[in-house]
Amino acid sequence: MHGDPLLLNKIVGAILTAGLLAMASGFISEQVFHHETPDELAFPIGGSPGVAAANAQEKAAPVGPGPIAGLLASADAVRGQKLFKACAACHTPTHGGANKVGPNLWNVVGKTMAGTDGYKYSSAFRKMEGAWDYETLNQFLFKPKAFVPGTKMTYAGIAAANKRADIIAFMRSLSSTPLPLP
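One gets our numbering by counting positions in the sequence shown from 1 and adding 5 to each.
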(Lines of atoms letter the chains of each structure in order from A and count residues from 1; the text may use other names and numbers.)
(Lines give C-alpha, C1' and ligand atoms only; values in the text may rest on other atoms or scores of the structure.)
Protein backbone atom coordinates (compact mmCIF):
# COMPACT_ATOMS: atom_id res chain seq x y z
CA MET A 1 0.00 0.00 0.00
CA HIS A 2 1.44 3.32 -1.04
CA GLY A 3 0.82 6.75 0.53
CA ASP A 4 -0.45 9.79 -1.32
CA PRO A 5 2.26 10.74 -3.86
CA LEU A 6 1.22 14.41 -3.63
CA LEU A 7 1.28 14.60 0.19
CA LEU A 8 4.55 16.55 0.27
CA ASN A 9 3.21 19.01 -2.33
CA LYS A 10 0.05 19.50 -0.26
CA ILE A 11 2.05 20.20 2.91
CA VAL A 12 4.33 22.71 1.17
CA GLY A 13 1.30 24.35 -0.48
CA ALA A 14 -0.46 24.68 2.88
CA ILE A 15 2.63 26.28 4.45
CA LEU A 16 3.01 28.73 1.55
CA THR A 17 -0.69 29.62 1.67
CA ALA A 18 -0.52 30.25 5.42
CA GLY A 19 2.53 32.49 4.94
CA LEU A 20 0.86 34.50 2.17
CA LEU A 21 -2.28 34.95 4.28
CA ALA A 22 -0.19 36.17 7.22
CA MET A 23 1.68 38.67 5.01
CA ALA A 24 -1.54 39.90 3.37
CA SER A 25 -3.31 40.38 6.71
CA GLY A 26 -0.29 42.32 8.03
CA PHE A 27 -0.34 44.58 4.98
CA ILE A 28 -4.09 45.15 5.22
CA SER A 29 -3.93 45.95 8.95
CA GLU A 30 -1.18 48.54 8.34
CA GLN A 31 -3.42 50.24 5.77
CA VAL A 32 -6.49 50.20 8.01
CA PHE A 33 -5.00 51.04 11.40
CA HIS A 34 -2.68 54.01 11.91
CA HIS A 35 0.10 53.44 14.41
CA GLU A 36 0.87 56.73 16.12
CA THR A 37 2.45 57.08 19.51
CA PRO A 38 0.27 58.96 22.02
CA ASP A 39 1.53 62.27 23.40
CA GLU A 40 1.27 61.00 26.96
CA LEU A 41 1.27 57.56 28.51
CA ALA A 42 -2.09 56.54 29.93
CA PHE A 43 -0.32 55.32 33.07
CA PRO A 44 2.95 57.09 33.89
CA ILE A 45 5.71 54.65 34.61
CA GLY A 46 7.63 55.73 37.66
CA GLY A 47 10.92 54.43 38.90
CA SER A 48 14.32 55.87 38.43
CA PRO A 49 15.07 59.61 38.62
CA GLY A 50 16.44 59.36 35.07
CA VAL A 51 12.96 58.59 33.74
CA ALA A 52 11.44 61.54 35.60
CA ALA A 53 14.16 63.87 34.28
CA ALA A 54 13.64 62.62 30.73
CA ASN A 55 9.88 63.19 31.05
CA ALA A 56 10.45 66.73 32.37
CA GLN A 57 12.78 67.53 29.44
CA GLU A 58 10.25 66.10 27.00
CA LYS A 59 7.47 68.29 28.44
CA ALA A 60 9.72 71.35 28.25
CA ALA A 61 10.44 70.73 24.56
CA PRO A 62 8.59 73.01 22.13
CA VAL A 63 5.26 71.65 20.96
CA GLY A 64 4.46 71.71 17.27
CA PRO A 65 5.90 70.65 13.98
CA GLY A 66 9.05 72.02 12.43
CA PRO A 67 8.95 73.97 9.16
CA ILE A 68 7.64 72.00 6.19
CA ALA A 69 9.16 73.99 3.31
CA GLY A 70 12.29 71.83 3.07
CA LEU A 71 10.26 68.62 2.87
CA LEU A 72 7.90 69.90 0.18
CA ALA A 73 10.66 69.78 -2.45
CA SER A 74 10.85 65.97 -2.11
CA ALA A 75 7.18 65.39 -1.24
CA ASP A 76 5.20 62.97 -3.38
CA ALA A 77 1.66 64.00 -4.32
CA VAL A 78 0.81 60.42 -5.36
CA ARG A 79 1.69 59.16 -1.87
CA GLY A 80 -0.25 62.14 -0.51
CA GLN A 81 -3.29 61.12 -2.54
CA LYS A 82 -3.15 57.65 -0.95
CA LEU A 83 -2.82 59.19 2.52
CA PHE A 84 -5.71 61.56 1.72
CA LYS A 85 -8.09 58.58 1.68
CA ALA A 86 -8.40 59.02 5.46
CA CYS A 87 -9.48 62.63 4.81
CA ALA A 88 -11.95 61.59 2.09
CA ALA A 89 -14.35 60.30 4.73
CA CYS A 90 -15.19 63.94 5.51
CA HIS A 91 -13.81 66.02 2.59
CA THR A 92 -14.14 65.97 -1.19
CA PRO A 93 -11.07 66.95 -3.25
CA THR A 94 -12.74 67.63 -6.59
CA HIS A 95 -13.50 70.87 -8.43
CA GLY A 96 -17.11 71.72 -7.67
CA GLY A 97 -17.32 68.82 -5.21
CA ALA A 98 -19.93 68.89 -2.49
CA ASN A 99 -19.22 69.78 1.10
CA LYS A 100 -19.51 66.76 3.36
CA VAL A 101 -18.94 66.69 7.12
CA GLY A 102 -15.97 68.93 6.26
CA PRO A 103 -15.65 71.47 3.45
CA ASN A 104 -14.61 70.66 -0.12
CA LEU A 105 -10.83 71.07 -0.38
CA TRP A 106 -10.46 72.00 -4.05
CA ASN A 107 -8.07 74.94 -4.39
CA VAL A 108 -7.51 75.04 -0.61
CA VAL A 109 -3.83 76.06 -0.79
CA GLY A 110 -3.97 79.85 -0.86
CA LYS A 111 -7.67 80.00 0.04
CA THR A 112 -8.88 82.20 2.89
CA MET A 113 -9.45 80.17 6.06
CA ALA A 114 -13.12 79.32 6.49
CA GLY A 115 -13.60 80.46 2.89
CA THR A 116 -15.48 77.56 1.28
CA ASP A 117 -18.89 78.75 0.10
CA GLY A 118 -21.88 76.87 1.46
CA TYR A 119 -20.05 75.25 4.37
CA LYS A 120 -21.05 76.05 7.96
CA TYR A 121 -17.79 76.45 9.84
CA SER A 122 -17.49 76.31 13.62
CA SER A 123 -17.34 79.67 15.38
CA ALA A 124 -13.67 78.96 16.17
CA PHE A 125 -12.88 78.61 12.46
CA ARG A 126 -14.88 81.68 11.50
CA LYS A 127 -12.60 83.72 13.80
CA MET A 128 -9.46 82.54 11.99
CA GLU A 129 -7.74 85.06 9.76
CA GLY A 130 -5.34 84.59 6.88
CA ALA A 131 -5.02 82.01 4.16
CA TRP A 132 -4.06 78.35 3.99
CA ASP A 133 -0.39 78.55 3.05
CA TYR A 134 2.04 75.64 3.35
CA GLU A 135 3.01 76.37 6.95
CA THR A 136 -0.54 76.88 8.22
CA LEU A 137 -1.57 73.59 6.60
CA ASN A 138 1.44 71.96 8.25
CA GLN A 139 0.43 73.31 11.66
CA PHE A 140 -3.21 72.32 11.18
CA LEU A 141 -2.49 68.80 9.93
CA PHE A 142 -0.09 68.23 12.83
CA LYS A 143 -2.80 68.79 15.47
CA PRO A 144 -6.06 70.36 14.25
CA LYS A 145 -7.49 70.95 17.73
CA ALA A 146 -4.29 72.69 18.87
CA PHE A 147 -4.25 74.94 15.79
CA VAL A 148 -7.95 75.81 15.98
CA PRO A 149 -9.22 75.21 19.52
CA GLY A 150 -12.94 74.56 19.22
CA THR A 151 -12.86 73.10 15.71
CA LYS A 152 -15.49 70.49 14.85
CA MET A 153 -12.79 68.40 13.17
CA THR A 154 -12.21 65.25 15.24
CA TYR A 155 -9.09 64.02 13.42
CA ALA A 156 -6.15 63.71 15.84
CA GLY A 157 -3.49 64.83 13.36
CA ILE A 158 -0.40 63.48 11.61
CA ALA A 159 2.83 63.29 13.58
CA ALA A 160 5.09 62.24 10.67
CA ALA A 161 6.42 65.32 8.85
CA ASN A 162 7.02 63.44 5.59
CA LYS A 163 3.39 62.28 5.52
CA ARG A 164 2.16 65.83 6.15
CA ALA A 165 4.41 67.05 3.31
CA ASP A 166 3.00 64.38 0.96
CA ILE A 167 -0.60 65.33 1.81
CA ILE A 168 0.16 69.03 1.38
CA ALA A 169 1.76 68.27 -2.01
CA PHE A 170 -1.43 66.44 -3.01
CA MET A 171 -3.61 69.29 -1.72
CA ARG A 172 -1.46 71.73 -3.73
CA SER A 173 -2.33 69.72 -6.86
CA LEU A 174 -6.05 70.29 -6.19
CA SER A 175 -6.08 73.44 -8.27
CA SER A 176 -6.13 74.46 -11.90
CA THR A 177 -3.27 76.87 -11.04
CA PRO A 178 -1.28 75.45 -8.08
CA LEU A 179 0.67 77.94 -5.98
CA PRO A 180 4.47 77.77 -6.38
CA LEU A 181 6.40 75.88 -3.75
CA PRO A 182 8.29 77.98 -1.20
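Just so you know, even glycine gets a beta-carbon here, dropped at the ideal spot from N, CA and C.
Start and end residues, alpha helix (DSSP H) containing residue i
i: E140; result: 139-147
i: G18; result: 12-37
i: S128; result: 128-131
i: V153; result: Counting along the chain, V153 falls outside any alpha helix (DSSP H), and DSSP gives it neither H nor E.
i: I173; result: 166-177
i: L186; result: L186 -> no alpha helix (DSSP H), and no H or E assigned at all.
i: A74; result: 74-77
i: A83; result: Reading off the sequence shown, one finds Val at residue 83, where the question assumed Ala. It spans 82-88 - the alpha helix (DSSP H) in which V83 sits, taken as one unbroken run.
Residue i - partner residues in DSSP beta bridges
i: T117; result: A136
Whether residue i touches residue j by CB criterion (8 Å)
i: L179; j: W137; result: no
i: K105; j: C95; result: yes
i: E162; j: P149; result: Here residue 162 turns out to be Gly, not Glu, going by the sequence shown. Closer than 8 Å, so yes.
i: R177; j: F147; result: no
i: A174; j: D81; result: yes
i: I73; j: Y139; result: yes
i: A103; j: T97; result: yes
i: S127; j: K157; result: yes
i: A151; j: M133; result: no
i: A69; j: Q144; result: Note on identity: in this sequence residue 69 is Gly, with Ala being the wrong assignment. Contact: yes.
Nearest-angstrom Cβ-Cβ length linking residue i and residue j, presumed shorter than 8 Å
i: D171; j: G75; result: Actually they are not in contact, since the Cβ atoms of D171 and G75 sit about 14 Å apart, beyond 8 Å.
i: L184; j: G115; result: 5 Å
i: T121; j: N109; result: 6 Å
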